[in-house]
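Visitor: Throughout the sequence shown, residue numbering follows mature numbering (1 follows the signal peptide of the UniProt record, and there is no 0), covering -30 to -1, 1 to 151 in sequence.
Shown below is the structure under consideration.
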Amino acid sequence: MLSKPSSPSRGPVGTGLLALCGLLAFGATAQTPAPHGAQASQVYRCPGPPVLYTDALSPKEAQEKGCRTIEGTPVSVVSVPKPRAAASGQVVSEGPPSAKVDPALQKARDSDRRGVLERELREAEAKLGELQKDYANGQPERRGDERNYQKYLDRVADLKASISRQEADIAAIKREIAKLP
């Protein structure tokens, strides 16, 4: 049998994705030639969430369930990797996301994240200051390569858009910092 109905831990999306990946794998096939004189089993694609690819049905059962045969397509079986222990040697337990990490470790991660965000905020504010200086309230100095007035207008518009983006970035970083404990 190529696949089983979804288990409670994987859900319908994971099984359908796994089956799709199995069909689209890069040429590595799990088919083995049938022994001499034996008939090769037929692979069926059965509808419904989750989509099921199987060779465990008889033609009559497949017809009753509305399954279609897959002909000429190699079928690959892809195994899902098992969860491993964390790199620090701590085993991550199954359960709600809040219970997965040691509180002291989470506090250290939050502290590191705050430091990174504060550094990004300082850099973004410095860049905004430079852009505003170049923009000069909508009247930046013309450069030598801007003999064409449209080039100058395009640069002014680009500066204005960059200032708007930078202000939005700064606001987003401040929101992220405010979310931290």
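We treat Cβ as the ideally placed atom computed from N, Cα and C, and that holds for glycine.
Go ahead and label A32 buried or exposed: buried means 16 or more other beta carbons lie within 10 angstroms of its beta carbon, across all protein chains shown.
Guide: A32 should be labelled buried.
Visitor: Can you find at least 3 beta carbon pairs, one from the region 100 to 110 and one from the region 128 to 145, that sit closer than 8 Å?
Guide: yes
Visitor: Thinking just about the alpha-carbon of each residue, which of L27, E93, K130, N118 is nearest to the one in N107?
Guide: Closest in C-alpha terms to N107, from the list L27, E93, K130, N118, comes K130.
Visitor: Can you tell me the Cα-Cα spacing of R92 and G85, whole angstroms?
Guide: In a straight line, the C-alpha of R92 is about 11 Å away from that of G85.
Visitor: Could you check if V13 is buried or exposed, using at least 16 other CB atoms within 10 Å of its CB as the buried criterion?
Guide: buried
Visitor: Classify T39: buried if its beta carbon has 16 or more other beta carbons within 10 angstroms, exposed otherwise.
Guide: exposed
Visitor: Per the DSSP calculation, R38 is bridged to which residue(s)?
Guide: R15
Visitor: If you run the structure through DSSP and keep just helix, strand and coil, what is A22?
Guide: Note that residue 22 is Leu in the sequence shown here, rather than Ala. Note: L22 maps to strand in three-state DSSP.
Visitor: In chain order, what residues of the same chain have a beta carbon less than 7 Å from the beta carbon of A74, not counting five sequence neighbours either side?
Guide: none
Visitor: In this structure, how does DSSP classify V126 when only helix, strand and coil are distinguished?
Guide: helix
Visitor: Nearest-angstrom Cα distance between A26 and E146?
Guide: Looking at the two C-alpha atoms, the distance is approximately 52 Å.
Visitor: Give, in chain order, every unbroken run of the alpha helix (DSSP H) that is at least 4 residues long and sits entirely within the region 66 to 148.
Guide: Complete alpha helix (DSSP H) runs here, min 4: 73 to 105.
Visitor: Give me the Cα-Cα distance between A8 and C37, rounded to the nearest whole angstrom.
Guide: Caution is warranted here: a pLDDT of 44 is assigned to A8, below 50, making its placement in the model unreliable, and no coordinate value can be reported.
Visitor: Going by C-alpha to C-alpha distance, which of S132, Q76, Q120, A78 sits closest to K97?
Guide: The shortest CA-to-CA distance from K97 to any of S132, Q76, Q120, A78 is the one to S132.
Visitor: Is R83 near L22, with beta carbons less than 8 Å apart?
Guide: no
Visitor: Below 6 Å CB to CB, which residues in the same chain sit around P3 once its five sequence neighbours on both sides are set aside?
Guide: Legend: pLDDT at P3 = 46, less than 50; position of this residue unreliable, value from coordinates given subsequently. Cβ neighbours of P3 beyond the five flanking positions: none.
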